[in-house]
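Take this note's numbering: the last position of the sequence shown gets the number 715, and nothing is skipped along the way. In what follows, a structure is listed as structure tokens, so that the remarks can point back to it.
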Amino acid sequence: MTRGIQGTDHVWLVMMKAMRALTRYAAAGIEETGLGLSDFGVLELLLNKGPLPVNTIGPIVDLTPGSISIAVDRLVAKGLVSRVESAEDRRVRTVALTPRGKELIVSAFRKHSGQMKRVFSKLSPEELRGLEVKLKKVGKRAAALMEES
567 MTRGIQGTDH VWLVMMKAMR ALTRYAAAGI EETGLGLSDF GVLELLLNKG PLPVNTIGPI
627 VDLTPGSISI AVDRLVAKGL VSRVESAEDR RVRTVALTPR GKELIVSAFR KHSGQMKRVF
687 SKLSPEELRG LEVKLKKVGK RAAALMEES
């Protein structure tokens, strides 16, 4: 009989340890820019998707409604985003990057991108693409199982 965890349980543990290490490394670099992980996530989303309603942002960056409100308040106070009431529906508030916010997230993302290139530099382009495909497959399966339950 072999000792230790094997199979899917072992893969899950390896993946979790890798994710923790990646998150710590990324967070350290992001924090050097004056942002936390959640603020970085919100700003990066707005950079790539453009202005979005507050209630759309939270689920995408994995923040509860209360947490996204606090995050947006913090980013507004720092002058990095603005809130705009919808002309069509006054209950809807859209969040948009300010010029200062765009400048900061572009710079922070450049730093983050460099960090990730260093992390993944040990993988060939083929290995990197294979990892991406496999992680997407596992992630989609987990999401589908969550919806079933």
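Note that beta-carbon positions come from the ideal geometry of N, C-alpha and C, so glycine has one too.
Apart from sequence neighbours up to five positions away, the residues of its chain that approach R659 with a beta-carbon distance below 8 Å are P619, V620, R649, V650, E651 and S652, ordered along the chain. Remark: C-beta atoms of V608 and L629 approach each other more closely than 9 Å. Distance from the CA of P625 to the CA of L611, rounded to the nearest whole angstrom, comes to 12 Å. Secondary-structure assignment with DSSP links R659 through a beta bridge to E651. For L601, the three-state secondary structure derived from DSSP is coil. In this structure, DSSP gives L697 a helical state, which the three-state scheme calls helix. Going by C-alpha positions, K615 is about 23 Å away from L701. Between the beta-carbon of H678 and that of A592 there is about 6 Å, and that keeps the pair under the 8 Å contact cut. Approximately 6 Å separates the beta-carbon atoms of L613 and L663; this is inside 8 Å, confirming the contact.
In the assembly as shown, L579 is an exposed residue. Its beta-carbon has fewer than 16 other beta-carbons within 10 Å.
P619 is bridged by DSSP to T660. Taking 9 Å as the cut-off, the Cβ atoms of V638 and I623 count as close.
Taken through DSSP and simplified to helix, strand or coil, T589 comes out as helix. By the Cβ-count criterion, G632 is exposed, with fewer than 16 other Cβ atoms from all chains shown falling within 10 Å of its own Cβ.
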